[in-house]
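Asker: This is the structure I want to talk about, given as structure tokens.
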Amino acid sequence: AAGVIQSPRHLIKEKRETATLKCYPIPRHDTVYWYQQGPGQDPQFLISFYEKMQSDKGSIPDRFSAQQFSDYHSELNMSSLELGDSALYFCASTVKFSGNTIYFGEGSWLTVV
Amino acid sequence: AQKITQTQPGMFVQEKEAVTLDCTYDTSDQSYGLFWYKQPSSGEMIFLIYQGSYDEQNATEGRYSLNFQKARKSANLVISASQLGDSAMYFCAMRGSNSGYALNFGKGTSLLVTP
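Protein sequence lines, in the order shown, are assigned to chains A and B. Counting from 6, one number per residue, gives the positions in the first sequence under this note's numbering. Counting from 20, one number per residue, gives the positions in the second sequence under this note's numbering.
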């Protein structure tokens, strides 16, 4: 079965650079979530989209933005990167109101140097 | 607001034994879902099991079962017949309308299965 696809799996950026992460949700899932997991921490909710519209915002920095496109894929854009942005970034998808499973992608490891 | 509490930072279990990972929660939602995820050292977040707040039966998925005690607000994960490959971090999480249906995670429990 198709899973949530994230790219790139790993990326290294320098401080103040920009990074873009991509997410392709499971087909027919109407909701996408983005999470950030710092080293040794639990995942923190950043932002979600429902039917291509921004749904909820969590602890997403103003330097970050995200959008969902007509084909349902989503992108997380991170600018003015800081050392503290180094983390594992997850995308997850589900059917919002009836989904009893929320599937995560394998994550994108971002290292800021 | 929702809160998930996992009080066991680390647990040891011997291979083939059963182990219970604790999770308590707090929410004002009437309808909510409880999830358990496994995160091995490679980093991926693997869905294990789900329990809806109105489900009367405890959820089971293979060697995983969820001991749901609604009055106590607990949703403990039971892993039977532990295997070496079960060594990982385990996260309890919850979603409900108050969180916009996003998952809120506990701090996790690191499980080590020994031979």
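Backbone N, C-alpha and C define an ideal beta-carbon position, used for all residues, glycine too.
(1) For residue 75 of chain B, count neighbouring C-beta atoms within 10 Å of its own C-beta (all shown protein chains included) and say buried if the count is 16 or more, exposed if not.
(2) Taking residue 111 of chain A as the query, report the chain B residues whose CB atoms sit under 8 Å from its CB, ordered along the chain.
(3) Please state the DSSP three-state secondary structure of residue 117 of chain B.
(4) Does the segment 36-43 of chain B come close enough to the segment 15-27 of chain A to have 3 or more Cβ pairs within less than 8 Å?
(5) Using a Cβ-Cβ cut-off of less than 9 Å, list which residues of the segment 109-129 of chain B approach chain A; keep chain order.
(6) Give the DSSP-derived three-state secondary structure of residue 86 of chain A in the structure shown.
(7) Mapping the DSSP letters down to three states, classify residue 51 of chain A as helix, strand or coil.
(8) Apart from the five residues just before and just after residue 32 of chain A, which ones in its own chain have a Cβ nearer than 7 Å to its Cβ?
(9) Judging by CA-CA distance, which residue of A:51, A:76, A:97, A:69 is the nearest neighbour of residue 10 of chain A?
(10) Along chain A, which residues have their Cβ under 8 Å away from the Cβ of residue 52 of chain B?
(11) Rounded to whole angstroms, what's the CA-CA distance from residue 34 of chain B to residue 116 of chain B? Just pull it up for me.
(12) Please look up how many angstroms separate the CB atoms of residue 91 of chain A and residue 116 of chain A, rounded, as I've assumed it's under 8 Å.
(13) Should residue 111 of chain A go down as buried or exposed, given a rule of 16 or more other Cβ atoms within 10 Å for buried?
(14) Work out the CA separation of residue 107 of chain A and residue 61 of chain A for me, nearest whole Å.
(15) State yes or no: is the beta carbon of residue 29 of chain A nearer than 9 Å to at least one beta carbon in chain B?
(16) Give the residues of chain A in contact with residue 71 of chain B, contact being defined as C-beta atoms less than 7 Å apart.
(17) Quick one: is residue 87 of chain B near chain A, going by C-beta distance under 9 Å?
(18) Tell me whether residue 103 of chain B sits in a helix, a strand or coil according to DSSP, three-state version.
(19) Using a 10 Å radius around the Cβ and a threshold of 16 neighbouring Cβ atoms, would you call residue 125 of chain B buried or exposed?
(20) Using a C-beta cutoff of 9 Å, does residue 66 of chain A count as contacting chain B?
(21) Can you grab the Cα-Cα spacing for the pair residue 82 of chain A / residue 74 of chain A, in whole Å?
(22) Determine which residues of the segment 56-81 of chain A have a Cβ less than 8 Å from any Cβ of chain B, and write them out in chain order.
(23) Quick one: any contact between the segment 48-56 of chain B and the segment 50-65 of chain A, if contact means 3 or more CB pairs under 8 Å?
(24) Would a check of beta-carbon distances place residue 56 of chain B closer than 9 Å to chain A?
Answerer: Let's see:
(1) Along the second sequence, one-based indexing puts residue 75 of chain B at 56. Exposed, since its Cβ has fewer than 16 Cβ neighbours within 10 Å.
(2) Residue 111 of chain A sits at position 106 when you count from the first residue of the first sequence. Within 8 Å Cβ-Cβ: 62, 63.
(3) Counting from one through the second sequence, the residue named residue 117 of chain B turns up at place 98. The answer is helix: DSSP assigns residue 117 of chain B an H, G or I state.
(4) no
(5) 110, 112, 114, 118, 119, 120, 121, 122, 123, 124, 125, 126, 127
(6) The residue given as residue 86 of chain A occupies position 81 in the first sequence. Looking at residue 86 of chain A - three-state DSSP - the assignment turns out to be coil, as it is neither helix nor strand.
(7) On the first sequence, residue 51 of chain A is found 46 positions in, with the first residue counted as 1. Strand, per DSSP.
(8) Numbered from 1 along the first sequence, position 27 holds the residue referred to as residue 32 of chain A. Hits under 7 Å: 7.
(9) As a first step, residue 10 of chain A is located in the first sequence; it is residue number 5 there, counting from the start. Out of A:51, A:76, A:97, A:69, A:97 has the C-alpha closest to the C-alpha of residue 10 of chain A.
(10) Position 33 of the second sequence, counting from 1, holds the residue named residue 52 of chain B. Result: 105.
(11) For the purposes of this step, residue 34 of chain B is identified with residue 15 of the second sequence, where counting begins at 1. For the purposes of this step, residue 116 of chain B is identified with residue 97 of the second sequence, where counting begins at 1. Distance between the alpha carbons of residue 34 of chain B and residue 116 of chain B is about 39 Å.
(12) As a first step, residue 91 of chain A must be located in the first sequence, where it is residue number 86. As a first step, residue 116 of chain A must be located in the first sequence, where it is residue number 111. With a Cβ gap of about 5 Å, residue 91 of chain A and residue 116 of chain A count as contacting.
(13) Taking the first residue of the first sequence as position 1, residue 111 of chain A is located at position 106. Buried.
(14) The residue you call residue 61 of chain A lines up with position 56 of the first sequence. The residue you call residue 107 of chain A lines up with position 102 of the first sequence. Taking the straight line joining both Cα atoms gives about 16 Å.
(15) Sequence index remark: in the first sequence, residue 29 of chain A carries index 24 (1-based). Residue 29 of chain A does not count as touching chain B.
(16) Your numbering for residue 71 of chain B matches position 52 in the second sequence. Neighbours of residue 71 of chain B on chain A, chain order: 105.
(17) As a first step, residue 87 of chain B is located in the second sequence; it is residue number 68 there, counting from the start. Not one chain A Cβ lies under 9 Å of residue 87 of chain B.
(18) On the second sequence, residue 103 of chain B is found 84 positions in, with the first residue counted as 1. Looking at residue 103 of chain B - three-state DSSP - the assignment turns out to be helix.
(19) Within the second sequence, numbered from 1, the residue matching residue 125 of chain B stands at position 106. The residue in question, residue 125 of chain B, is buried, as its Cβ has 16 or more Cβ neighbours within 10 Å.
(20) If you number the first sequence from 1, residue 66 of chain A lands on position 61. Chain B, which has no Cβ nearer than 9 Å to the Cβ of residue 66 of chain A, makes this no.
(21) Looking up residue 82 of chain A in the first sequence gives position 77. Looking up residue 74 of chain A in the first sequence gives position 69. Distance between the alpha carbons of residue 82 of chain A and residue 74 of chain A is about 13 Å.
(22) 60, 61, 63
(23) no
(24) Residue 56 of chain B sits at position 37 when you count from the first residue of the second sequence. So, interface residue.
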